[in-house]
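Engineer:
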Amino acid sequence: MPELVQHWAGDVKRDLDTPDLWADLRRRQVLLTSAGYEAIGNTPFTPDEQLEVAAQLLEIKEYVKATSSLTSEQTLLVEAWFNEAEAATRRLGRKDWLLLFLGVVLSTA
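Throughout the sequence shown, residue numbering follows my numbering, covering 11 to 119 in sequence.
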């Protein structure tokens, strides 16, 4: 019985420590509207922005892997998609990158 309580407490802690990515997406929803998309330029990411995007993509990738029942093949595919999205920040403009990233997100859904 104590093991079950300890396991449950671990689950609760993990749930509380996990970022609410859906809430974050709702806050950033303006980018997904046509007005938000039109408002951003297709300028390149700065090196600091590339680092920030890489950190956020890593967080999302780890969350997907931790909360989904993926086969090893699916895990490798998710890794490849997110790695490609991270690498694309160095060669694509913001609008082009957003389209690529939305494709990654929809492919993992």
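Ideal Cβ positions, reconstructed from N, Cα and C, are used throughout, including at glycine.
Since we're looking at a predicted model, the values are computed, not measured.
#1: Could you give the C-beta distance for Thr53 and Arg104, rounded to a whole number, given that I count them as a contact under 8 Å?
#2: Have a look at His17 and Glu72 and give me their C-alpha separation to the nearest angstrom.
#3: Throw me the rounded Cβ distance for the Val114 and Phe92 pair, which I believe falls under 8 Å.
#4: Roughly how far, in whole angstroms, is the beta-carbon of Glu96 from the beta-carbon of Leu67, given that I think they are within contact range, below 8 Å?
#5: Hey, Ala98 and Leu108 are a contact pair by Cβ (cut 8 Å); roughly how many whole angstroms apart?
Structural biologist: With the given structure in hand:
#1: At roughly 6 Å, the Cβ-Cβ gap stays under 8 Å, so Thr53 and Arg104 are in contact.
#2: 21 Å
#3: 7 Å
#4: Their Cβ separation, rounded to whole angstroms, is 5 Å, which keeps Glu96 and Leu67 in contact under 8 Å.
#5: Contact between Ala98 and Leu108 is ruled out by a C-beta separation of about 10 Å, above the 8 Å threshold.
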